[in-house]
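Residue 1 is where the sequence shown starts when you use full-length UniProt numbering, and the numbers rise one by one after that.
Where is the CB? At the ideal position from N, CA and C, for every residue including glycine.
Predicted, not measured: the structure shown is a model, and the values here were computed from it.
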Amino acid sequence: MKLVDALGKPCPIPVIETKKALAELGLAGGTIEVLVDNEVAVENLKKLAAKKQATLTAKQIEATVFSVKITVPEEATQQTSQSATDLVITIGSD
Numbered sequence: 001m002k003l004v005d006a007l008g009k010p011c012p013i014p015v016i017e018t019k020k021a022l023a024e025l026g027l028a029g030g031t032i033e034v035l036v037d038n039e040v041a042v043e044n045l046k047k048l049a050a051k052k053q054a055t056l057t058a059k060q061i062e063a064t065v066f067s068v069k070i071t072v073p074e075e076a077t078q079q080t081s082q083s084a085t086d087l088v089i090t091i092g093s094d
């Protein structure tokens, strides 16, 4: 399990670092533990997990320390990768 220590870092840094860690999991999926120090970061990580089709468990381990575990199944990682490659952007000019 990969650990992302985002204690003392303001939003959106915990989300950005978690996205990078999720990308490093690759197609195999897996679990990441993120340490944050505020409930806003926990809520933002919940939104990220929902977007990635991942499961999330969060618990307060100290007065200002939350442990957030995000588990991404292999299938969800593959779906996200496939949908990203199907993107087409067109730019026109008048």
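Work out the CA separation of residue j and residue i for me, nearest whole Å.
{"i": "A50", "j": "D94", "result": "39 Å"}
{"i": "V34", "j": "V88", "result": "33 Å"}
{"i": "K69", "j": "V40", "result": "16 Å"}
Considering Cα atoms alone, identify which of the options is closest to residue i.
{"i": "A54", "options": "P10, M1, P12 and G30", "result": "G30"}
{"i": "A58", "options": "P10, N38 and A21", "result": "N38"}
{"i": "K52", "options": "D5, P10 and T18", "result": "T18"}
{"i": "L25", "options": "M1, P12, L7 and V42", "result": "M1"}
For residue i, count the other beta carbons within 10 Å of its own beta carbon; 16 or more makes it buried, fewer makes it exposed. Which is it?
{"i": "I32", "result": "buried"}
{"i": "L45", "result": "buried"}
{"i": "A63", "result": "exposed"}
By DSSP's criteria, residue i is part of a beta bridge. Which residues make up the other side?
{"i": "T31", "result": "T71"}
{"i": "T55", "result": "T71"}
{"i": "K9", "result": "For K9, which the question treats as bridged, DSSP gives no partner whatsoever."}
{"i": "residue 178", "result": "The structure shown does not extend to residue 178, since the chain spans only 1 to 94, so no value can be given for it."}
{"i": "E62", "result": "V65"}
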